[in-house]
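**Q** The numbering of the sequence shown is numbering that gives the first Met the number 0, which starts it at 0 and goes up by one.
Even for Gly, the Cβ is constructed at its ideal location relative to N, Cα and C.
Nothing here was measured: the structure is a model prediction, and the numbers come from that model.
Would you mind keeping the following structure in view while I ask a few things?
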Amino acid sequence: MVLAEILGPDLLIILVIVGLLFGSSQLPKLARSLGSAKAEFEKGIREGEEPRKDQPPTS
């Protein structure tokens, strides 16, 4: 995974750039929207794995 390879100084530089681009007042809003997007994505994955109840199982 690409994110696992970003460690140490690289991550610090990325965080500083994001802070400069968005400003300190926008960072909480950005983090909140990223968290809700992640939750929606995980919800979609869970719903996709469950079989639909209105359709009979295919064999």
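What number of angstroms, rounded off, separates the C-alpha of residue 17 from the C-alpha of residue 36?
**A** Cα to Cα, residue 17 sits roughly 18 angstroms from residue 36.
**Q** If residue 40 and residue 29 are in contact, beta carbons under 8 angstroms, what's the gap, nearest whole angstrom?
**A** That belief does not hold up - the Cβ atoms of residue 40 and residue 29 are roughly 16 angstroms apart, past 8 angstroms.
**Q** What three-state label does DSSP hand residue 23 in the structure shown?
**A** Residue 23: coil per DSSP, three-state reduction.
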